[in-house]
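**Q** Take this structure first; my questions come after.
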């Protein structure tokens, strides 16, 4: 039989292959354009991962073929299906990487995408899928359109649970609403939190006088708005104009968000500069008087007036001002009422408190009320640190983590970045000299992933970065070399953390960190070897032996190492 006589798995057969229903040795010629035509003999049984160098991209394509196809089938009219197909055509024009997404004659979707790593592919296809929901929302309403899509995603996730979880699809699709957590919006912080804040929790953010706590709070709020969520801002220490300016600098289309009621504001700042009778309503902005009862009404209307969104957040900056105006029991009762109101409406909230403005008794009471507590502090040299004191989900990392503020915003840097190694890595990018690499680092691009997430226009704002250099950086981040570099860097960070945890005797957390390192890059022999060592210390001899064998199978030269 000729190679051409073997079937190229598509559609139903392709889905069956991924879900494990083709329980036999299958010869497949994948001529799909997301990797160069290789021939594989794959013994595939239920639950086993497709064994190719680009298996993640293959599986992502298969899962999203099913998602898009089922969502089109779900529509109850040909007119709506045609609108969605037109939307896909428009997306392909705007995003060249989507050129391999096609509608077949039978109405099903085929995805053949090349030259893109699996994480970018998942993000890109998730955004494309979510944009179809926005089209349906025009006729069915946002809530009904979202629930319809959620039902489709849930069914596909059950069918393809293993690749769905491993590729982190639920972290992106439906605008992240399926994760059960809410991102902090700050680079490095979600890892410290253990994958973000638990949904609907009230988080107390305590920080020193100054802007640090507001950097954090506004990045939290803007992250949700930029991802299609809704947000409530409650102000007492800055004006609505200042709030809008801050959000605009964080790439939020404030006018659009306010016009659609995805952003509503309770302005308790204005009453300090002029008399306010009862409560004024100025479009999406509610302006209550000094009276705490009117503030309560404004809170209620602010929450109730938010439009439907997959995720909702609140940034609340009133506690310090309220405690300076009202008695403690009245303020505590008020905060408890708002906590319940926000939780019932599924808003994850960040309540800001100024450090040093209240005694220990008040802080202790507030901490007891909150679901989680974050503390921003500074040392004598002015360096900033953040610590998670408590969280309802006990998976967070303990200890203080260094913060940095650049023109890209606030981020967690943990240990002082190894600048020389970062510069050396940047120099692997065509056209990037050592001088340019240094300027990129100085501008806040302290690792390769930050370069990847930057727009070309952001890169060009860095001195000496021309249009050609910016394009070279963007092209590099689409290569296999970049993907391998990112995986290696992420994995090494977790290995380092595991070793630090083991050094303090926290072997169980060290084991979890190593499992995370392996989840990111299962081909890292040092992660497997370290996991073998930790497992042995925990008395798990059989597991230790298995992990050791895995390490040696990946890199025989590691045998006999510590």
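Numbering (this note's numbering), first residue to last: 2 to 563.
In this text, a Cβ means the ideal position worked out from N, Cα and C, and glycines have one as well.
1) At what residue ranges does the region 49-115 contain a whole run of the alpha helix (DSSP H), taking only runs of 4 or more?
2) In or out: residue 139 buried (at least 16 other Cβ within 10 Å) or exposed?
3) I need the boundaries of the alpha helix (DSSP H) containing residue 335, first residue and last residue.
4) Does DSSP put residue 228 in a helix, in a strand, or in coil?
5) Exposed or buried, what is residue 197 when buried is set at 16 or more other beta-carbons lying within 10 Å of its beta-carbon?
6) Following the continuous alpha helix (DSSP H) through residue 260, name the residue where it begins and the one where it ends.
7) Helix, strand or coil for residue 388 per DSSP?
8) Looking at the strands, I want to know which residues DSSP matches up with residue 527.
9) Please classify residue 214: does DSSP put it in a helix, a strand, or coil?
10) If you drop the 5 nearest sequence neighbours on each side, which residues of the same chain put their C-beta closer than 7 Å to that of residue 331?
11) With 16 other CB atoms within 10 Å as the buried threshold, where does residue 109 fall?
12) Are the region 237-254 and the region 214-224 touching by the rule of at least three beta carbon pairs closer than 8 Å?
13) Report buried or exposed for residue 40, applying the criterion of at least 16 other Cβ atoms within 10 angstroms of its Cβ.
14) Under 8 Å by Cβ, that's how I've got residue 535 and residue 512 pegged, so tell me the actual separation to the nearest angstrom.
15) Taking the continuous beta strand (DSSP E) assigned at residue 373, which residues delimit it?
16) What does the Cβ neighbour count give for residue 26, buried or exposed, with the cut at 16 atoms within 10 Å?
17) For residue 445 and residue 384, I'd like the C-alpha separation in whole angstroms.
18) Three-state secondary structure (DSSP) at residue 297?
19) Less than 8 Å separating the beta-carbons of residue 304 and residue 341?
20) Look at residue 186 and residue 311 and say whether their C-beta atoms are less than 8 Å apart.
21) Could you give the DSSP three-state label for residue 182: helix, strand or coil?
22) Let me make sure I understand the geometry here. Which of 170, 102 and 516 has the alpha-carbon closest to that of residue 90?
23) Considering only the beta carbon of each residue, do residue 238 and residue 188 sit closer than 8 Å?
24) In the DSSP assignment, what residue or residues form a beta bridge with residue 288?
25) To the nearest angstrom, report how far apart residue 394 and residue 434 are at their CA atoms.
26) DSSP on residue 546, reduced to helix/strand/coil?
27) For residue 355, which beta-bridge partners are listed by DSSP?
28) Check whether the region 65-77 touches the region 155-163, taking contact to mean three or more Cβ pairs, one atom from each stretch, closer than 8 Å.
29) Within 10 angstroms of the Cβ of residue 210, are there 16 or more other Cβ atoms? Answer buried if so, exposed if not.
30) Tell me, please, whether the CB atom of residue 307 is closer than 8 Å to any CB atom in chain B?
31) So residue 350 and residue 373 are supposed to be a Cβ contact under 8 Å. How far apart are they, rounded?
32) How long is the line joining the alpha carbons of residue 548 and residue 141, rounded to whole angstroms?
33) Have a look at the DSSP bridge pairing and note the partners of residue 188.
34) Spatial neighbours of residue 377 within its chain, please: CB distance less than 6 Å, with the 5 preceding and 5 following residues excluded, ordered by chain position.
35) Rounded to whole angstroms, what is the Cα-Cα separation between residue 134 and residue 88?
36) Does DSSP classify residue 274 as helix, strand or coil?
**A** Considering the structure as presented:
1) 56-75 and 79-95
2) exposed
3) 329-345
4) coil
5) buried
6) 255-260
7) strand
8) In DSSP, residue 527 forms no bridge with anything.
9) helix
10) 293
11) buried
12) yes
13) Because residue 40 carries a pLDDT of 33, less than 50, the predicted location of this residue cannot be relied on, and no value is offered for it.
14) 5 Å
15) 373-379
16) With a pLDDT of only 37 at residue 26, under 50, the local geometry of the prediction cannot be trusted, and no value is derived from it.
17) 16 Å
18) helix
19) no
20) no
21) strand
22) 102
23) no
24) 281
25) 44 Å
26) helix
27) 208
28) yes
29) exposed
30) The structure shown contains no chain B; it holds only a single protein chain.
31) Between residue 373 and residue 350 the Cβ distance is about 10 Å, and since that is not below 8 Å, they are no contact.
32) 52 Å
33) 412
34) 208, 213, 214 and 387
35) 11 Å
36) coil
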